[in-house]
Amino acid sequence: MKLPLWPLKFALRGIPDAVHSRLLSHGFNHLLKGQSFSSKLDYLQGKRLWLTITDTGNTWRFRIQDGRFLPDQLQSAPEIHISGKLNHFLLLATRNEDPDTLFFARQLSMEGNTEDGLYLKNMIDAMEFDSEAHFKAFIGEAIGIRLAAQFKRLDLGRHLNALVNS
0 MKLPLWPLKF ALRGIPDAVH SRLLSHGFNH LLKGQSFSSK LDYLQGKRLW
50 LTITDTGNTW RFRIQDGRFL PDQLQSAPEI HISGKLNHFL LLATRNEDPD
100 TLFFARQLSM EGNTEDGLYL KNMIDAMEFD SEAHFKAFIG EAIGIRLAAQ
150 FKRLDLGRHL NALVNS
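For the sequence shown, numbering that gives the first Met the number 0 puts the final residue at 165, and the numbers step up evenly by one.
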């Protein structure tokens with residue numbers, strides 16, 4: 000069963016972009032804990048990234064600093080600007096479509112510094128989320144190992160993929 004996107008679109012339109020940027024930066028930083036690929040953000044140190052959802056009119060602004068995403072309020076053009084429809088960003092976030100397909104089919108577009116944009120796209124493409132490393136970094140070794148085992152048993156990724164692809 001595919002869920003309709005209109006409630007999410009409605010919520011996105013009703014909340015200021017600065018609030019979204021702050022919440023998303025916290026979420027991104029939380030997910031980066033314990034991940035080996037997080038060190039690859041060092042290459043993008045001080046760079047600014049905008050994500051624009053074209054069908055809701057949202058633009059979320061971030062600055063990458065010390066391996067973390069920070070909300071950014073500057074209005075001048077960023078080094079990397081990715082834009083597209085909400086459903087295409089969700090396909091990317093849930094790994095239901097690879098970045099190359101979305102960018103080459105022009106479902107997501109990228110503007111700004113080509114080298115930085117390609118670096119970010121390739122980093123996204125190569126990411127493999129390690130739930131055990133994340134849980135261990137977040138709540139400690141002993142509990143993290145147990146929680147990761149429970150997480151794998153629930154197979155939440157399969158359920159999320161079914162919701163997005165149905």
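Even for Gly, the Cβ is constructed at its ideal location relative to N, Cα and C.
Asked: Stretch-stretch touch, CB-based, cutoff 8 angstroms, three pairs: the region 100-117 with the region 71-83; Found: yes
Asked: Sequence-distant residues of the same chain with beta carbon closer than 8 angstroms to Phe128, five excluded per side; Found: Leu30, Gln34
Asked: Completely contained alpha helix (DSSP H) runs for the region 134-158, where each covers 4 or more residues; Found: 140-153
Asked: For Asn86, the first and last residue of its enclosing alpha helix (DSSP H); Found: 85-92
Asked: Where the beta strand (DSSP E) containing Pro70 begins and where it ends; Found: 67-70
Asked: Secondary structure of Met126, DSSP reduced to three states; Found: coil
Asked: Leu85 vs Asp54 beta-carbon contact at 8 angstroms; Found: yes
Asked: Assigned secondary structure, Gly187 (DSSP; H/G/I helix, E/B strand, else coil); Found: The requested residue 187 is not part of the displayed model; the chain covers only 0 to 165.
Asked: Within 8 angstroms, strictly: CB atoms of Gly139 and Glu131; Found: no
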